[in-house]
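Peer 1:
In the numbering used here, the protein residues as written are 1 to 65.
1) Identify the residues that DSSP records as bridge partners of residue 43: which are they?
2) Could you pull out every residue in the same chain whose Cβ sits closer than 8 Å to the Cβ of residue 23, ignoring the five residues on either side in sequence?
3) Please name the residue, chosen from 27, 26, 37, 28, that lies closest to residue 9 on a Cα-to-Cα basis.
4) Report back the beta-carbon spacing between residue 39 and residue 52 to the nearest angstrom; my notes put them in contact at under 8 Å.
5) Where residue 42 and residue 54 are concerned, what is the direct C-alpha to C-alpha distance, given to the nearest angstrom?
Shown next as structure tokens:
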């Protein structure tokens with residue numbers, strides 16, 4: 001059993017990499033593309049912002065401090 005958030009993220013990942021497939025033969029470029037695609041999806045819990053947008057907002061706050 002896993003938390004709903006973990007299960008949801010696993011489901012998103014499985015859209016690109018089927019369960020049971022080892023990551024070893026996948027290129028860094030492919031894994032980066034999958035990561036970017038997932039991080040560019042808006043999330044309801046974030047007010048329909050993307051994780052990438054929220055990360056940039058937090059980094060801007062740190063730089064301003």
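A virtual CB, placed ideally from N, CA and C, is assigned to each residue, including glycine.
Peer 2: Judging by the given coordinates:
1) In DSSP, residue 43 forms a bridge with 49.
2) Cβ neighbours of residue 23 beyond the five flanking positions: 17, 31.
3) Nearest in C-alpha terms to residue 9, of all of 27, 26, 37, 28, is 37.
4) Distance from residue 39 to residue 52 at the Cβ level is roughly 5 Å; contact confirmed, criterion being Cβ atoms closer than 8 Å.
5) Cα-Cα distance, rounded: 10 Å.
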